[in-house]
Each structure stands twice: as C-alpha cells, then as structure tokens.
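Residue numbers for the sequence shown follow this note's numbering, so the first one is 186 and each next one is one higher.
Ideal placement from N, C-alpha and C gives every residue a C-beta, glycine not left out.
Accompanying notes for the structure given below.
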Amino acid sequence: MRVDKYLWCVRYFKTRSQATQACKKGHVSVNGDKVKPSRDIYPTDEIRVRKNQIDYKIEVLDLPKSRVGAKLTNIYRVDKTPKEEFKAQEALKYSQDYYRKKGTGRPTKKDRRDIEEYLDKPNDIQNEDKN
Numbered sequence: 186m187r188v189d190k191y192l193w194c195v196r197y198f199k200t201r202s203q204a205t206q207a208c209k210k211g212h213v214s215v216n217g218d219k220v221k222p223s224r225d226i227y228p229t230d231e232i233r234v235r236k237n238q239i240d241y242k243i244e245v246l247d248l249p250k251s252r253v254g255a256k257l258t259n260i261y262r263v264d265k266t267p268k269e270e271f272k273a274q275e276a277l278k279y280s281q282d283y284y285r286k287k288g289t290g291r292p293t294k295k296d297r298r299d300i301e302e303y304l305d306k307p308n309d310i311q312n313e314d315k316n
C-alpha cells in the first residue's frame, strides 16, 4: 500500500491529497528515509510524520483495505509518539494566546506602540550593561 494512502486510511490526514502534499514536502519518512507518496509500506515499518509541529512516530501493524473508522485505527498502527511532543504543543498554544484573543482583528495604534516599546526595552538594558 502507498504511504500516502495508508496515512489517509488511518486518519492522520483528512484527505489523501493532504497526505500526498506532506510526502512531497518531506514531512514523512519511512524507516528514517524521506519518501515520495508512491512508496510502498509493509507491516513493521516505522513512519515518522511531521504535522502541526508534532513529530508523530507510527509503527505499521497491518494494512487496511480502505479508510477505517477512528475507533479501528489501533488495529493497523501503534502510535509511539512521545508525550513531550504534545506538551510542547500545549505550551506553544498558550504562548500564542497570551496577548490577543483570536479573531479580534488587527492591533490598534496603542497596541502597536506598546509592542514596539516592549521590543525596544531589551536593547536599552543591553546598552546600559555595556557602559
């Protein structure tokens, strides 16, 4: 089975074209080698997928005939992704939301001045240390 089709069948990507694009961009590797979407995979292969800034590690157990339900994906793969990958994703999500809520639009003039002032402060402190 093709690697892009497998990743779509076990629900790592919503569409097969997304899985194909990930392979073409070099986000998918099988047994340590970056692969093209047409690469055949077999049971016991280890697949690494970079998606949403998380490196997923998957061991292939069996090959499905077609796309399977979410509850049945564990029959065909073992997810060996370390827990630290998901913790880093949580920290990144909180760091992005700390200042502005999503969908509130562009920063106002006051917001922009505050941001510029904040970004300029470390330079002033470094210059004082040099004197």
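The Cβ-Cβ distance between Thr266 and Tyr303 does not fall below 7 Å.
The beta carbons of Tyr261 and Val234 sit no closer together than 7 Å. Within the DSSP bridge table, the entry for Tyr197 names no partner. With contacts defined as CB atoms closer than 7 Å, Pro249 and Cys194 qualify as a contacting pair. Looking at the DSSP output, Ile239 sits in a beta bridge with Lys236. CA-CA distance, Asn237 to Glu275, rounds to 12 Å. Rounded to whole angstroms, Lys190 and Phe271 show a C-alpha spacing of 25 Å.
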